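As they're listed, the protein sequences go chains A and B.
As numbered in my numbering, residues 1 to 242 make up the first sequence, in order.
As numbered in my numbering, residues 1001 to 1242 make up the second sequence, in order.
Cβ atoms here follow ideal geometry from the backbone N, Cα and C, with glycine treated the same way.
Every value quoted in this text rests on a predicted model; they were computed, and no experiment measured them.
As structure tokens, the structure follows; a few thoughts come after it.
Number of protein chains: 2
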Amino acid sequence: MEKCDVCGAQCLHKLCMHKVPIFSSLSQDDLTHIASIIRHKKYQKGETLFSEGNRPDALVIVNEGSVKAFKITSDGREQILYVFSEGDFFGERNLFGRQVSAYTVEALEPVKTCSFTKESFHELLHAYPEIAIKIIEELEERISRMESALQSMGVRSIDNRISALLLDFAEKYGTSVPDGTLIHLPLSREGMANYLGVARETVSRKLGLLENEGIIRSNGNKSILLLDRSMLEASAGKSADF
Amino acid sequence: MEKCDVCGAQCLHKLCMHKVPIFSSLSQDDLTHIASIIRHKKYQKGETLFSEGNRPDALVIVNEGSVKAFKITSDGREQILYVFSEGDFFGERNLFGRQVSAYTVEALEPVKTCSFTKESFHELLHAYPEIAIKIIEELEERISRMESALQSMGVRSIDNRISALLLDFAEKYGTSVPDGTLIHLPLSREGMANYLGVARETVSRKLGLLENEGIIRSNGNKSILLLDRSMLEASAGKSADF
DNA sequence: CGAGCGATTGACGTATATCAAAGAGAGTGG
DNA sequence: CCACTCTCTTTGATATACGTCAATCGCTCG
Chain A
1 MEKCDVCGAQ
11 CLHKLCMHKV
21 PIFSSLSQDD
31 LTHIASIIRH
41 KKYQKGETLF
51 SEGNRPDALV
61 IVNEGSVKAF
71 KITSDGREQI
81 LYVFSEGDFF
91 GERNLFGRQV
101 SAYTVEALEP
111 VKTCSFTKES
121 FHELLHAYPE
131 IAIKIIEELE
141 ERISRMESAL
151 QSMGVRSIDN
161 RISALLLDFA
171 EKYGTSVPDG
181 TLIHLPLSRE
191 GMANYLGVAR
201 ETVSRKLGLL
211 ENEGIIRSNG
221 NKSILLLDRS
231 MLEASAGKSA
241 DF
Chain B
1001 MEKCDVCGAQ
1011 CLHKLCMHKV
1021 PIFSSLSQDD
1031 LTHIASIIRH
1041 KKYQKGETLF
1051 SEGNRPDALV
1061 IVNEGSVKAF
1071 KITSDGREQI
1081 LYVFSEGDFF
1091 GERNLFGRQV
1101 SAYTVEALEP
1111 VKTCSFTKES
1121 FHELLHAYPE
1131 IAIKIIEELE
1141 ERISRMESAL
1151 QSMGVRSIDN
1161 RISALLLDFA
1171 EKYGTSVPDG
1181 TLIHLPLSRE
1191 GMANYLGVAR
1201 ETVSRKLGLL
1211 ENEGIIRSNG
1221 NKSILLLDRS
1231 MLEASAGKSA
1241 DF
């Protein structure tokens, strides 16, 4: 993590705010004020940030690392709904309504978060009403992604969905290297399976196929090298789902 | 549709507002003012309200009837994302961002709508900022439902999903009768199939099974009598998805 | 009453889940 | 530094649920 060269240690408080679009309309002074009411937390891999059915009263911003949000289905499987990483926020559900959390959130690696309490967030909204619009836009964005995901789930072919997932990961977690794009996978094979709603073994087999076709190269369990993006896009179905 | 007994024909303008929670915090005077900027439209069954990729600039409230919102998947199927009926609204996506519509909306039966133009809605937001919070709550609600739907899609068993869909319909479109709950189906078998992302024939077969088990009684193509709700809930998986 | 469209039923093939066993990494302790 | 173990992944064999194709049925509406 890079150090801010203007404000030193205190700057950590502002970093997370700079990462979320919600606050993009505010001035530096406003941000400084907001920074003072932020709480910080660290979690280790596997730790639970909060559980389905709990009533957490905070908006949480991921500052470093990544987390998964999942529900347990009636047949006992884990259905992953989101992978949140740097700059994403969650828990907003609980800031307005009386609702309890709809999912469990667990750290996929060491994670640092910034959070607002419900109260301080309400103050914030009162002081800066334009934030509400930003939140609506962000929620719209999220709904849009979910609609695409739902559409993808409706598509029968598992191939499409795996390819679409890889493209999605490539965008979020990929770095350009000479041979193509190196994707640092936030999820294990099992995690990907739980995200896609398929069996672990199926993910292995499909990735194996893609590797045989020369589209990807598996690189241990933690990363994948994407060699031929256009082939993958074709395999994901020409229209950009996910 | 029942006539309002206080204000006569003019009242139609307010009816739709009374149906949506967005405006629940406003006074009668405010509502009267708002009513003056509402536009009304009628559509016949099968008519398209707007198409995927269009750039409609209105918030639309369904006042009577129901509509489906769907995308066409890369393999040419129609994936239904929502069924909106009396009191639901859509098109809000386009009011803030520069986004185009993510889906096509089509009338499932004769439909009457109320709509705001983008401009008048912005005025409204400016005049009544509390509406923004209501919208956020409504979006949260919608996200919550989509998360459940995503979870259901992830569940392998089609039985679960069909049962969950019937329960959902029972709640929205059901009326109590001596033998149980009579569900007026908004969608045809094919529509249900496109909603669930399965084949038409599979829906038929599964409904046939449920009928053999005495859980439902099919009543033509337009309605279903739900005889044993608890059995259906069991079949949907005990936790309330959908 | 007849025509037409949607729904049902049946036969069949295939994709994916499941079960089972073997293989590869990553971390631990000798 | 190497062997051991634990966990995650891969691979294989088998079963099954669902999709597809095709034929028949039965409403609904003219």
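What residues match up with asparagine 219 (chain A) in a beta bridge as DSSP calls it? A:Ser223
Quick check: is the beta carbon of threonine 1113 (chain B) nearer than 8 Å to any beta carbon in chain A? no
Leaving out the 5 sequence neighbours to the left and right, which residues in its chain are closer than 7 Å to proline 1056 (chain B) when beta-carbon positions are compared? Phe1050, Gly1091, Asn1094 and Ser1101
In chain order, which continuous runs of the alpha helix (DSSP H) of length 4 or greater are located wholly inside the region 165 to 204 of chain A? 189 to 196
How is the alpha helix (DSSP H) around serine 1148 (chain B) delimited, first residue to last? 1130 to 1154
Does any C-beta atom of chain B lie closer than 8 Å to the C-beta of lysine 222 (chain A)? no
Of the residues A:Lys112, A:Ser66, A:Ala132 and A:Ala236, which one's Cα is nearest the Cα of serine 252 (chain A)? In the structure displayed, chain A extends from 1 to 242; residue 252 (chain A) sits before or after that span and is not available.
Look at the alpha carbon of leucine 26 (chain A) and the alpha carbon of methionine 17 (chain A), and state the distance between them as a whole number of angstroms. 10 Å
Along the chain, where does the beta strand (DSSP E) that runs through lysine 1112 (chain B) open and close? 1111 to 1117
Could you pull out every residue in the same chain whose Cβ sits closer than 6 Å to the Cβ of methionine 1192 (chain B), ignoring the five residues on either side in sequence? Val1203
For lysine 1003 (chain B), which residues from the same chain have a beta carbon less than 7 Å from its beta carbon, with the 5 sequence-adjacent residues on both sides left out? Because the pLDDT of lysine 1003 (chain B) is 44, which lies under 50, any placement of that residue in the model is unreliable, and the question is left without a value.
Any idea what DSSP makes of glutamine 79 (chain A), helix, strand or coil? strand
Selected residue, minimal CA-CA separation from threonine 1032 (chain B), among B:Pro1021, B:Leu1015 and B:His1040: B:Leu1015
Measure from the alpha carbon of threonine 73 (chain A) to the alpha carbon of each residue in A:Ile131, A:Tyr103 and A:Leu59, then state which is nearest. A:Tyr103
Could you give the residue range of the alpha helix (DSSP H) that holds leucine 95 (chain A)? 93 to 96
CB contact check: methionine 146 (chain A) to chain B, cutoff 8 Å: yes
With respect to the alpha helix (DSSP H) encompassing leucine 232 (chain A), which residues constitute its N-terminal and C-terminal limits? 229 to 235
From the DSSP output, in three-state form, read off serine 1066 (chain B) for me. strand
Could you compute how far the alpha carbon of glutamate 1064 (chain B) sits from the alpha carbon of leucine 165 (chain A)? 39 Å
Could you please give the first and the last residue of the uninterrupted alpha helix (DSSP H) stretch that includes threonine 32 (chain A)? 28 to 35
Is any beta-carbon of chain A found at less than 8 Å from that of lysine 1071 (chain B)? yes
Own chain residues within Cβ distance below 6 Å of leucine 1210 (chain B), not counting five before or after: Ile1216
Would you mind telling me which residues of chain A sit closer than 8 Å to proline 1129 (chain B), beta carbon to beta carbon, in chain order? Pro129 and Ala132
Going along chain B, which residues have a C-beta under 8 Å from valine 155 (chain A)? Thr1073, Ser1074, Asp1075, Arg1077, Gln1079 and Gly1197
Looking at threonine 181 (chain A) and leucine 139 (chain A), is the spacing between their C-beta atoms short of 8 Å? no
Looking at the unbroken beta strand (DSSP E) that takes in arginine 1055 (chain B), where does it start and where does it end? Here arginine 1055 (chain B) belongs to no beta strand (DSSP E), and DSSP marks it neither H nor E.
To the nearest angstrom, how far is it from the Cα of serine 1235 (chain B) to the Cα of leucine 108 (chain A)? 33 Å
Pairwise C-alpha distance: lysine 112 (chain A) and glutamine 44 (chain A): 9 Å
At least one CB of chain B closer than 8 Å to the CB of lysine 238 (chain A): is that the case? For lysine 238 (chain A), the predicted model reports a pLDDT of 48, less than 50, meaning its position is unreliable; a value from the coordinates is still stated below. Lysine 238 (chain A) counts as touching chain B.
Beta strand (DSSP E) containing lysine 1042 (chain B): first to last residue? 1039 to 1043
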